[in-house]
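Engineer:
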Amino acid sequence: MEYKIIEYNDFPNKLKKIKKAPQKLYLIGNQDLLYENSFGIVGSRKVSEYGIKNCENFTKELVLRDIPIVSGMAIGTDTVAHKTTIEYGGKTIAVLGSGFNNIYPKENIRLFNDIIKTGGLIVTEFEPEEKPLKENFPKRNRIITALSEGILVIEAAFRSGTSITVRNAKEQGKIVFALPGKLDSYLGVGVNNMIKKGAFLTTSIKDILENYPQFKNRLRKTIKRNKSICAEIKDEYKKIYELLDEGNYYIDEIVEKTKLDLKDTLILLTNMELEELIIQENDGKYKIAKEK
Amino acid sequence: MISIVKSMSLQGLEGIIINVEVDISAGMPCWDIVGLPDTNIRESKERVRTAIKNCGIEVLSRKYIINLSPASIRKDGAILDLAIAIGVLCSMGIIRKNNLEETIFIGELSLDGKLNKVNGILPICIEAVKNGIKRIILPVENAKEAAIVDNIEVIGVKNLSQVIDFFNNKIVIQAEKNPSKDLNYKKQNFELDFSEVKGQKLVKRALEVAAAGGHNCLLIGPPGTGKTMLAKRVPTILPDLTFKEALEITKIHSVAGILNEGHLVSERPFRSPHHTITEKGLIGGGKIPKPGEVSLAHLGVLFLDELLEFNKNTLEVLRGPIEDRMINISRVGINVSYPCNFMAIASMNPCPCGYYGSKIKECLCTEKQRIAYRSRLSGPMMDRFDIHIQVPDINYKEMENEYSENSISIKERVNKARKIQSIRYEKLSIYSNSELTPSLIKKYCKLDEGAKIIFTNSLEKMKISTRAYSKILKVSRTIADLEGSRNIEVNHILEALQYRCLDKL
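Chains as they are written, first to last, in numbering that gives the first Met the number 0: chain B, 0 to 291; chain Z, 0 to 504.
1) Can you have a look at E190/Z and say buried or exposed, based on whether 16 or more other CB atoms are within 10 angstroms of its CB?
2) Buried or exposed: which applies to E411/Z, given that a residue is buried once 16 or more other Cβ atoms fall within 10 Å of its Cβ?
3) Closest to E126/B by CA distance: which of S97/B, V62/B and F38/B is it?
4) Are the segment 314-321 of chain Z and the segment 348-366 of chain Z touching by the rule of at least three beta carbon pairs closer than 8 Å?
5) Using beta carbons (cut-off 9 Å, strictly below), is S457/Z in contact with chain B?
6) Output yes if chain Z places a C-beta closer than 9 Å to the C-beta of A179/B; else output no.
7) Note down, in chain order, every chain Z residue with its Cβ under 9 Å from the Cβ of K59/B.
8) Can you tell me whether G14/Z is buried or exposed, with buried defined as 16 or more other CB within 10 angstroms of its CB?
9) Taking only the alpha-carbon atoms, compute the straight-line gap between L439/Z and L32/B and give it to the nearest angstrom.
10) Going by DSSP in three states, I257/Z sits in which element: helix, strand or coil?
11) Would you decide whether C29/Z is buried or exposed? Buried here means 16 or more other CB atoms lie within 10 Å of its CB.
12) So what's V300/Z in DSSP terms, helix, strand or just coil?
13) Can you give me the C-alpha to C-alpha distance between S194/Z and L218/Z, rounded to a whole angstrom?
14) Identify the continuous alpha helix (DSSP H) that holds G378/Z and give its terminal residues.
15) Looking at V46/B and V79/B, is the spacing between their C-beta atoms short of 9 Å?
16) For a quick check, are the C-beta atoms of G223/Z and Q199/Z less than 9 Å apart?
17) Hey, would you say Q10/Z sits closer than 9 Å to I251/Z, going by beta carbons?
18) Have a look at G212/Z, G76/Z, I471/Z and G220/Z and flag the residue whose alpha-carbon is nearest the alpha-carbon of I453/Z.
19) Could you tell me which chain Z residues have their CB closer than 7 Å to the CB of E293/B, listed as they occur along the chain?
20) Should V254/B be flagged as near chain Z, meaning a C-beta pair shorter than 9 Å?
21) Per DSSP, which residues does Y424/Z bridge with? Please list them.
22) For S227/B and chain Z, any beta-carbon pair shorter than 9 Å?
23) Just confirm the distance between the C-beta atoms of P338/Z and S294/Z, as a whole number of angstroms; I'd bet it's less than 8 Å.
24) Once you ignore the five residues that flank L237/Z on each side, which residues in its own chain have a CB closer than 8 Å to its CB?
25) Below 8 Å, can you find three or more Cβ-Cβ pairs linking the segment 131-151 of chain B to the segment 5-23 of chain B?
26) Tell me, please, which residues DSSP counts as bridged to S329/Z.
27) Considering only residues of the same chain and omitting the five flanking positions on each side of K226/B, which have a CB-CB separation below 8 Å?
28) With 9 Å as the threshold, decide whether the Cβ of L493/Z is near any Cβ in chain B.
29) List the residues that DSSP assigns as beta-bridge partners of P138/Z.
30) From D382/Z, R499/Z, L206/Z and P178/Z, pick the residue whose C-alpha is nearest to that of S406/Z; which is it?
31) Quick check on N486/Z: buried or exposed, where buried means 16 or more other Cβ atoms within 10 Å of its Cβ?
32) Please report the straight-line C-alpha distance between K237/B and E252/B, rounded to a whole angstrom.
33) Leaving out five residues on either side along the sequence, give the residues of the same chain with a beta carbon under 6 Å from the beta carbon of E140/Z.
34) Out of V196/Z, T227/Z, V162/Z and I276/Z, which one is the CA nearest neighbour of I344/Z?
35) Taking C-beta pairs closer than 7 Å, name the residues in chain B that N490/Z reaches, listed in chain order.
36) Please report the residue range of the alpha helix (DSSP H) in which N39/Z lies.
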């Protein structure tokens, strides 16, 4: 695997000034991203549907304003953040807790390649042969926060690893934004505690943007695909397409809501799937296909 | 004096005439049974001797040699008791040996001479007729079941002394009359009906297609969405049994001893073994192999609830029988085959916690866990299912009063589709689309050029594996049959593609 090494002197300022700054960094991908104003999205490896949904939403809003997303390429929240960024055509930085010859977790190797392919960047302070040791992950968290203007915490259980990231962020003087956690879920406990201790309660993208003059006036790109496709969509698909634009539905729900015949619906759905207008998710729901 | 009496031993569903030869001679007093008897036959000498004594006949101290021929076949079960007793009585001169040539004796004796009910009477009678037997003497409780078979005189007796009197012309026993061959004597009144399941239209449609083509079907969904409820109602939409089929099912159930009062089985069986079942329980086994759940589900439904909870090895032994529709069990000195042409319906959860996609409870399983969970089902096993369908968790409260179709009208369509198939496959040894082999698929599932292009296109785009290719064609064939269409059209393929959800994952 081909990688670049950059020394301390070439670091962006935001990285130089942190405590215990690394002496060199290993990079694969688009080095320029290091010097851009980016935003971090972090959270626990376990993530609920509520977490996934909101993580996707906030990521999307940031990406549409051309803000690179920083995260840790772990499973759960990190993966959702990276994937959503790529989906909406954004650039993303992944900070690893292991060397390039030991990509961890293994199931994210595809994501690793996708990040590079889409103009993103992979960063690690560890030697290529370094194993994904337990103690490496808290260390890489300080780089995530250093590269970010601020971080958004999606979900975190009590005493989660995310709290280390939050501590780093505070030490580095970054604002910590936190999504309100569900009261009846253990994944809400940690994040609600953070809010109690002064993290910024975040309910919409405005809450984040208003704190950063450099982000505030960025224009939101419109998603291209809706306009172009909606215009040329066939009449027979319209009913289903419009319904799916509101949300994701099971086949039975589609039949119920559009009052179409079941057999016709099945045929239409397959046709639409073949034309790549919609896709079926793993849980069986249909949704509108994102731009490729 | 030597005497020979006939009885029968079952090897699977195949009957073998056993000649019970009894010789009483002077010598050291003893009872000896030779000719590869199993333990329970060896013990029958005590039952027979005591039963004869308790009929008021003195058993003299002589040398009794009983030979069961052919001697090379292992014999099992107490059903030879009666034949041994009659043989002894003949040799003693108590029963006159007239016209025993074309009669077989079946029955287990009690010490007081009473005859006990035995299993497997129906196949015994069928096999007896094949072997030229004209009359069967059996326990009165079995008479009804035996009378289903034509061309054999069925004499039901209560105890040993009745048999003696009968043969000595002291009493007359009327032969049991043939029961009506009408399978609807018990008007098909299912307690279950599809109309009881609200909503889930997609799954119902998939099950209708499955029933129409005999396709194996896998239901995936969170708990409480009605997977079991739906599967239990599948027999209510399966096509009506023919007399020949009913006889086949009854034969197996008779051997297994689960027959209801000797009636012909008039409904398709629905077997749902618990997931703790062993391999032998599933495919059949034992020293003299008995039919397992796969054979008991013959011509009916085998429902495997919580498919992934089954022992992995247990599931894998199903591979053969699902393909061959026949199970061959070999044991020392015996080789038995039972038919097992069933429709498999299985259910499973989408993830370890079960609630992926559910609205009741949030699922926190990771993608890795979900994939690991699904991969417990091996590829070859997954291949055996033509249809997989997700059973979503949908709130049906508002649909309480919605009309849902009842089983009878679904069944009508299924019957029609099956009729088309049986006409098409008249000259072949198959009954339904699910049994089509690759060469037959080429012959009967032809696509026109337009459909072919769309089909290959869709396989590529939906990333559907090539091994799903033939499954989709078979299911399309069934959908076409349901619509009474001669050819497979594009729409049939497009619908069939919706029934392959696991291929997309």
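Quick reminder that beta carbons are idealized off the backbone N, C-alpha and C, glycines included.
Structural biologist: Let's see:
1) On the second sequence, residue 190/Z is found 191 positions in, with the first residue counted as 1. For E190/Z, the number of other beta carbons within 10 angstroms of its own is below 16, and it is reported as exposed.
2) In the second sequence, counting from the first residue as 1, residue 411/Z sits at position 412. By the Cβ-count criterion, E411/Z is exposed, with fewer than 16 other Cβ atoms from all chains shown falling within 10 Å of its own Cβ.
3) In the first sequence, residue 126/B corresponds to position 127, counting from 1. Among S97/B, V62/B and F38/B, the Cα nearest to that of E126/B is on S97/B.
4) Touching, no.
5) Counted from its first residue, the second sequence places residue 457/Z at position 458. Yes, because at least one Cβ of chain B sits closer than 9 Å to the Cβ of S457/Z.
6) Within the first sequence, the letter at position 180 stands for residue 179/B. The sequence shown places Pro at residue 179/B, not Ala. By this cut-off, P179/B is not an interface position.
7) Numbered from 1 along the first sequence, position 60 holds the residue referred to as residue 59/B. Counting only Cβ-Cβ distances below 9 Å, K59/B has no contacts in chain Z at all, with the closest Cβ about 20 Å away.
8) Along the second sequence, read from residue 1 onward, the residue named residue 14/Z stands at position 15. G14/Z is buried by the Cβ-count criterion.
9) Reading the second sequence from its first residue, position 440 is the one you call residue 439/Z. Reading the first sequence from its first residue, position 33 is the one you call residue 32/B. Cα-Cα distance, rounded: 60 Å.
10) For the purposes of this step, residue 257/Z is taken as residue 258 along the second sequence, with counting starting at 1. Coil.
11) Counting from 1 along the second sequence, the entry for residue 29/Z is found at position 30. Exposed, by the Cβ-count rule.
12) Looking up residue 300/Z in the second sequence gives position 301. Strand.
13) Stepping through the second sequence from its first residue, residue 194/Z is reached at position 195. Stepping through the second sequence from its first residue, residue 218/Z is reached at position 219. Those two C-alpha atoms are separated by around 19 Å.
14) For the purposes of this step, residue 378/Z is identified with residue 379 of the second sequence, where counting begins at 1. First-last of the alpha helix (DSSP H) with G378/Z: G378 to D382.
15) On the first sequence, residue 79/B is found 80 positions in, with the first residue counted as 1. On the first sequence, residue 46/B is found 47 positions in, with the first residue counted as 1. Their beta carbons are under 9 Å apart, which means V79/B touches V46/B by this criterion.
16) Stepping through the second sequence from its first residue, residue 223/Z is reached at position 224. Stepping through the second sequence from its first residue, residue 199/Z is reached at position 200. Contact: no.
17) Taking the second sequence and counting its residues from 1, one reaches residue 10/Z at position 11. Taking the second sequence and counting its residues from 1, one reaches residue 251/Z at position 252. Between Q10/Z and I251/Z, the C-beta gap is not smaller than 9 Å, which leaves the two residues out of contact.
18) Residue mapping note: residue 453/Z aligns to position 454 of the second sequence, counting from 1. For the options G212/Z, G76/Z, I471/Z and G220/Z, the alpha carbon positioned closest to that of I453/Z is the one of I471/Z.
19) This structure leaves residue 293/B out entirely; chain B is present only between 0 and 291.
20) On the first sequence, position 255 is the one that residue 254/B refers to. Yes, because at least one Cβ of chain Z sits closer than 9 Å to the Cβ of V254/B.
21) Counting from one through the second sequence, the residue named residue 424/Z turns up at place 425. In DSSP, Y424/Z forms no bridge with anything.
22) Here the question's residue 227/B lines up with position 228 in the first sequence. Note that S227/B has pLDDT 48, beneath the 50 cutoff, so the model's placement of it is unreliable and the number below is only indicative. The beta carbon of S227/B does not come within 9 Å of any beta carbon belonging to chain Z, so the residue lies off that interface.
23) The residue labelled residue 338/Z in the question sits at position 339 within the second sequence. The residue labelled residue 294/Z in the question sits at position 295 within the second sequence. That belief holds up - the Cβ atoms of P338/Z and S294/Z are roughly 7 Å apart, short of 8 Å.
24) For this step, residue 237/Z is matched to residue 238 along the second sequence. These residues qualify, in order along the chain: A210, R267, G299, V300, M342, K410 and V413.
25) Cβ pair count under 8 Å is three or more, so yes.
26) Start at 1 with the first residue of the second sequence, and residue 329/Z comes out as number 330. Answer is N334/Z, bridged to S329/Z.
27) For the purposes of this step, residue 226/B is taken as the residue at position 227 of the first sequence. Here the model assigns K226/B a pLDDT of 45, short of 50, so the residue's position is not dependable, and the following value carries that caveat. The beta carbon of K226/B sits closer than 8 Å to no other beta carbon from its chain once the five residues preceding and following it are set aside.
28) Position 494 of the second sequence, counted from the start, is the residue given in the question as residue 493/Z. Chain B, which has a Cβ nearer than 9 Å to the Cβ of L493/Z, makes this yes.
29) Taking the second sequence and counting its residues from 1, the one referred to as residue 138/Z is at position 139. Answer by DSSP bridge pairing, in chain order: V156/Z.
30) Here the question's residue 406/Z lines up with position 407 in the second sequence. Taking each of D382/Z, R499/Z, L206/Z and P178/Z in turn and checking the Cα distance to S406/Z, the smallest one comes out for L206/Z.
31) For the purposes of this step, residue 486/Z is taken as residue 487 along the second sequence, with counting starting at 1. The residue is exposed, with fewer than 16 neighbouring Cβ atoms inside 10 Å.
32) Residue 237/B sits at position 238 when you count from the first residue of the first sequence. Residue 252/B sits at position 253 when you count from the first residue of the first sequence. Spanning the two alpha carbons is a distance of roughly 16 Å.
33) Here residue 140/Z refers to the residue found at position 141 when the second sequence is read from its first residue. The beta carbon of E140/Z sits closer than 6 Å to the beta carbons of K116 from its chain, once the five residues preceding and following it are set aside; these are given in chain order.
34) Residue 344/Z sits at position 345 when you count from the first residue of the second sequence. It is T227/Z whose Cα lies nearest to the Cα of I344/Z.
35) Within the second sequence, numbered from 1, the residue matching residue 490/Z stands at position 491. Under the 7 Å cutoff, chain B gives I266.
36) Taking the first residue of the second sequence as 1, we reach residue 39/Z at position 40. Counting along the chain, the alpha helix (DSSP H) containing N39/Z begins and ends at T38 to R41.
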